[in-house]
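Before any comments, here is the structure.
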Amino acid sequence: MWRQHALLQRFAPIVTVVAALVLIWYVAAVLMNLSLVRGGFEREEAPYTTMELLAGTMEAERPLLPAPHQVAVAFFDGVFGYAPNAPRSLVYHSAVTLSATLLGFMLGALLGVALALLIVHSRVLERSLLPWIICSQMVPILALAPIFIVVLGAIGLQGLLPKSLISAYLSFFPITIGMVKGFNAPEPMQLDLMRTWSATPRQVLTRVRWPTAMPYLFASLKVAITISLIGAIVAELPTGAEAGIGARLLAGSYYGQTVQIWAALVAAAVLASGLIALVGWAERAVGRRMGVRP
Amino acid sequence: MTAVNSSSRRVAVDVSNVSLTFNTTDGKVEALSDVSLQIAAGEFVSFIGPSGCGKTTMLRVIADLQQPTSGSLTVNGMTAEQARLARAYGYVFQAPALFPWRTIEANLKLPLQIMGYSEGDQSILAKRYLELVNLTGFERKFPWQLSGGMQQRVSIARALSFDPALLLMDEPFGALDEIVRDHLNEQMLKLWDKTGKTVLFVTHSIPEAVFLSSRIVVMSPRPGRIIDIIDCNFPRDRTVEIRETPEFLAIAQRVRTGLRAGHSYDE
Chain A
8 MWRQHALLQR
18 FAPIVTVVAA
28 LVLIWYVAAV
38 LMNLSLVRGG
48 FEREEAPYTT
58 MELLAGTMEA
68 ERPLLPAPHQ
78 VAVAFFDGVF
88 GYAPNAPRSL
98 VYHSAVTLSA
108 TLLGFMLGAL
118 LGVALALLIV
128 HSRVLERSLL
138 PWIICSQMVP
148 ILALAPIFIV
158 VLGAIGLQGL
168 LPKSLISAYL
178 SFFPITIGMV
188 KGFNAPEPMQ
198 LDLMRTWSAT
208 PRQVLTRVRW
218 PTAMPYLFAS
228 LKVAITISLI
238 GAIVAELPTG
248 AEAGIGARLL
258 AGSYYGQTVQ
268 IWAALVAAAV
278 LASGLIALVG
288 WAERAVGRRM
298 GVRP
Chain B
-7 MTAVNSSSRR
3 VAVDVSNVSL
13 TFNTTDGKVE
23 ALSDVSLQIA
33 AGEFVSFIGP
43 SGCGKTTMLR
53 VIADLQQPTS
63 GSLTVNGMTA
73 EQARLARAYG
83 YVFQAPALFP
93 WRTIEANLKL
103 PLQIMGYSEG
113 DQSILAKRYL
123 ELVNLTGFER
133 KFPWQLSGGM
143 QQRVSIARAL
153 SFDPALLLMD
163 EPFGALDEIV
173 RDHLNEQMLK
183 LWDKTGKTVL
193 FVTHSIPEAV
203 FLSSRIVVMS
213 PRPGRIIDII
223 DCNFPRDRTV
233 EIRETPEFLA
243 IAQRVRTGLR
253 AGHSYDE
């Protein structure tokens, strides 16, 4: 009995918020699709009742705002209704985007940590690199992505790698900033101790700076992995890519398939929460090994 | 100003005419002004004085964590830097400064790992020194699971683990309560007796200084300098009870007088 109670306590707030959002969504769907549906009836000069009008807002083929159940149906249909490698399967498109995201994330993480190491170990590099790193993030990626794709395409790089590079270009930044902070986080006393033992800079890095930076690493990885996903999706737009969540979004907007767009958005959201959960899980596993206070 | 028996015993630390000036935003601060001192091997020397008298700076200069502006010093016959590179001393800070992601045992092993001891030796030494500070059984615990006094004992064991001849202690018991402090004072004394190490010990507390030391160096601030050096040779197997004896009180009184004299420059 108490177990149910504990579950209730844990999930009640979440369920309440979701229910409220769904309700707002339904109301918004009615309001936004109303004129569209009314227009349809009037064109056909058919008589209609208020109930029919309301029902129409719930099942329009190309609604301004699809109702939640339409999105849910399209999502589940996209996930379970097709073979995982079918071109209409959301699993297929998610996998394409996911592979670019993960490769980009890994490249971004490596680059981010490497830059942080350079910056922490050299004042000169800090002064020369940091402004460029910050500049790199001030250019909107939507403007940069097509240039990336074209330039990389001209040297024969196509498909996964250009997308991953755009993804990495976005995701290294929070990791660099976080790790510069993390590598500098050891207490002066701990560094003094290492000095009294005449530890080498390498030992200071591996024994003190690196472990101290762990919480900073995971905080920035969580930011970076969602940005990686966004980068991969954005990279799929200018290529007119045939596969990927970005391609689904683009195709949906070409043909006014709003339900398809929303289903692809839900897929992206599910993917993002899964990725964050994965990083969170890794964080807890590392935390346990490092004796983090429960 | 030289030690009474420095001629008969090896000099562990020799400080001559050392001055150190910090350049702060408020201008120059003379942390140490023309300080000279000789410490023989096996002595327990306390540095006492109000905040800002340079006693911690003195220790840091000896440890080569800070460089003097002028003057010279030798540690075990070497320069401070050579001594540090030769791992000639163990340093204990006011806070335990344990590494929170390492177990107690792994904390003890850290200096040994850095110095390239074999795995087997690391385990043997960690076990031996945990036993020395009465913490056997806490190997697998993490620092936050130990009380402040226990953590400080770990940091003392860590400083001893690679068997340096010289122990530099910067107010190691300053953050602990009176009872724990008394207890650790007694343990410290036994440790000194057992190991025969040279100990340089910074403190705020007069009873602690008189109880532990074979010599007390009284310092005063602005500029940081030595104003008195008091010999204090109670038998090595003393207990806290000697604090009530007239000899003890007489020395404590002399330390207090020295501290007051140092202070009168300010007020």
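Top line first, the protein sequences correspond to chains A and B.
All residue numbers for the first sequence refer to my numbering, where the first residue is 8 and numbers rise by one.
All residue numbers for the second sequence refer to my numbering, where the first residue is -7 and numbers rise by one.
Glycine is no exception: its CB is placed at the ideal position from the N, C-alpha and C atoms.
As the structure is a computational prediction, the values presented were derived from the model and not from experiment.
| Query | Result |
| --- | --- |
| Other residues of its chain near B/N225: CB distance less than 8 Å, five sequence neighbours each side excluded | S206 |
| For B/V7, the three-state DSSP class (helix, strand or coil) | strand |
| Residue-level contact to chain B via CB, A/G298, 9 Å cutoff | yes |
| Given 8 Å, three or more beta-carbon pairs between the stretch 160 to 168 of chain B and the stretch 68 to 87 of chain B | yes |
| A/W288: contacting residues in chain B (beta-carbon distance under 7 Å) | Residues of chain B passing the Cβ test: none, with the nearest at roughly 19 Å. |
| Residues that A/W204 contacts on chain B, provided the C-beta gap is smaller than 7 Å | R79, P103, I106 and M107 |
| Alpha carbon of B/G166 to alpha carbon of A/Y223, nearest angstrom | 32 Å |
| Positions along the stretch 216 to 230 of chain A whose CB lies within less than 7 Å of some CB in chain B | P218 |
| Neighbour flag for B/D174 against chain A, beta carbons, 9 Å | no |
| Which of helix, strand or coil DSSP assigns to B/F154 | coil |
| Contact residues within the stretch 47 to 75 of chain B, judged by C-beta distance below 7 Å to chain A | A55 and L57 |
| Within 7 Å of chain A by C-beta, residues of the stretch 122 to 148 of chain B in sequence order | F134 and W136 |
| Alpha-carbon spacing of A/E66 relative to A/G47, whole angstroms | 13 Å |
| Interface flag, B/W93 vs chain A, CB-CB below 9 Å | yes |
| Proximal chain B residues relative to A/M196, where beta-carbon distance stays under 9 Å | F85, Q86, A87 and A89 |
| Where B/F39 sits in the DSSP three-state scheme | strand |
| 8 Å contact criterion, which B/V202 and B/F154 should meet: CB distance rounded | 30 Å between Cβ atoms; not a contact. |
| Whole-number beta carbon distance between B/A118 and B/E97, since they are thought to touch under 8 Å | 5 Å |
| Between the CA atoms of A/I141 and A/P169 - distance to the nearest angstrom | 22 Å |
| Nonlocal neighbours in the same chain, by C-beta distance under 8 Å from A/Q210, ignoring five residues either side | M201 |
| DSSP three-state assignment for A/M113, whether helix, strand or coil | helix |
| Cβ neighbours of A/A152 in the same chain (closer than 8 Å, five flanking residues each side left out) | I173, V241, A242, L244 and P245 |
| Whole-angstrom distance between B/E178 and B/S(-2), CA atom to CA atom | Because B/S(-2) sits at a pLDDT of 42, beneath the cut-off of 50, its placement in the model cannot be relied upon, and the point is left open. |
| Close-in-space but distant-in-sequence residues of the same chain around B/G140 (CB under 7 Å, 5 per side omitted) | A167 and L168 |
| For A/E194, three-class secondary structure by DSSP | coil |
| Top-ranked residue by Cα proximity to A/S178, from A/L109, A/E133 and A/I126 | A/L109 |
| Start and end residues, beta strand (DSSP E) containing B/L192 | T190 to T195 |
| Beta carbon of A/S143 nearer than 9 Å to that of A/F180 | yes |
| Simplified DSSP assignment, three categories, for B/D258 | For B/D258, the predicted model reports a pLDDT of 48, less than 50, meaning its position is unreliable and no value from the coordinates is stated. |
| Sub-9 Å separation of A/S96 and A/V86 beta-carbons | yes |
| Members of the stretch 254 to 269 of chain A near chain B, C-beta cut-off 7 Å | none |
| Ranges of the alpha helix (DSSP H) found wholly within the stretch 164 to 249 of chain B, counting only runs of at least 4 | 170 to 187 and 198 to 204 |
| Pick from A/P147, A/I148, A/L149 and A/A121 that is closest to A/L137, judged by C-alpha positions | A/A121 |
| One or two residues paired with B/V27 in a DSSP bridge | B/V10 |
| Cβ neighbour criterion (16 or more within 10 Å) applied to A/Y99 | buried |
| Extent of the continuous alpha helix (DSSP H) to which A/V277 belongs | T265 to R296 |
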